[in-house]
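Student: Before I ask anything, let me first share the structure, which is written out below as structure tokens.
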Amino acid sequence: MKVFVYGSLCKYQENHHFLQKSVCLSEQAYVKGSLYTSSLIILS
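Residue numbers (the UniProt record's numbering): 1 to 44.
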């Protein structure tokens, strides 16, 4: 599964350890769309 990561999941940030077994495909990327603020936290 490919995911777009930003914020606290990025390298050198406090939650990056959740991705320690992941493979980085690109250091920079662009996506078309919108970001919305939410108070929901979903980790599975």
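Glycine included, every Cβ here is placed at the ideal spot set by N, Cα and C. Remember, it's a predicted structure, so these values are computed and weren't measured experimentally.
Excluding five sequence neighbours on each side, which residues of the same chain lie with their C-beta closer than 7 angstroms to the C-beta of phenylalanine 4?
Tutor: Reading the sequence shown from its first residue, position 4 is the one you call residue 4. Answer for phenylalanine 4: Ala29 and Val31, listed in chain order.
Student: Using DSSP with H/G/I as helix, E/B as strand and the rest coil, what is leucine 40?
Tutor: The residue you call residue 40 lines up with position 40 of the sequence shown. The answer is coil: DSSP assigns leucine 40 none of H, G, I, E or B.
Student: What are the uninterrupted segments assigned as beta strand (DSSP E) that are 3 or more residues long and contained completely in the UniProt domain "Gamma-glutamylcyclotransferase AIG2-like" (3–37), given in chain order?
Tutor: If we require 3 residues or more, the UniProt domain "Gamma-glutamylcyclotransferase AIG2-like" (3–37) turns out to have no beta strand (DSSP E) run fully inside it.
Student: I'd like to check one pair, leucine 35 with residue 81: are the Cβ atoms closer than 8 angstroms?
Tutor: An answer regarding residue 81 cannot be provided, because it is not within the stretch 1 to 44 covered by the chain.
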